[in-house]
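Trainee:
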Amino acid sequence: MLFLEKLFLFVIALLVVAFFTILFTQWAEPFKQLFLFKEDIVSWIELSLLVFVITFVLRQLLIWVWRLEFAPEIREAKMKKYLSKRRRWHG
Numbered sequence: 004m005l006f007l008e009k010l011f012l013f014v015i016a017l018l019v020v021a022f023f024t025i026l027f028t029q030w031a032e033p034f035k036q037l038f039l040f041k042e043d044i045v046s047w048i049e050l051s052l053l054v055f056v057i058t059f060v061l062r063q064l065l066i067w068v069w070r071l072e073f074a075p076e077i078r079e080a081k082m083k084k085y086l087s088k089r090r091r092w093h094g
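The opening position of the sequence shown corresponds to residue 4 in the numbering used here, with each subsequent residue numbered one higher.
#1: Going by the CB atoms, is the gap between leucine 18 and proline 48 shorter than 8 angstroms?
#2: Is the beta carbon of leucine 65 closer than 8 angstroms to that of phenylalanine 11?
#3: How many Å lie between methionine 82 and phenylalanine 73 at the Cα?
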């Protein structure tokens, strides 16, 4: 049912693990040079912002896909709730 949500959360978790792996291992030198990582505070902030932006975009994509997939069901449930309240108050 929520397969896509779990899939996107898994992808985000993989990206975070990959980020820390790249950050703290020796084989990651080409990636550090790609991002001009100089191991000063500005580079740390840039890399952190990059990871934040990537995870934020993935989160927004997850929300968009979730709404696209479940919007009709949510709308139908809200309509049923509205109609049941209306019948209760208006006989």
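Ideal Cβ positions, reconstructed from N, Cα and C, are used throughout, including at glycine.
Mentor: Concretely, from the data shown:
#1: Checking the sequence, you will find isoleucine at residue 48 rather than proline. No, Cβ-Cβ distance for isoleucine 48 and leucine 18 is not below 8 angstroms.
#2: Between phenylalanine 11 and leucine 65, the C-beta gap is smaller than 8 angstroms, which places the two residues in contact.
#3: Cα to Cα, the separation comes out at about 14 angstroms.
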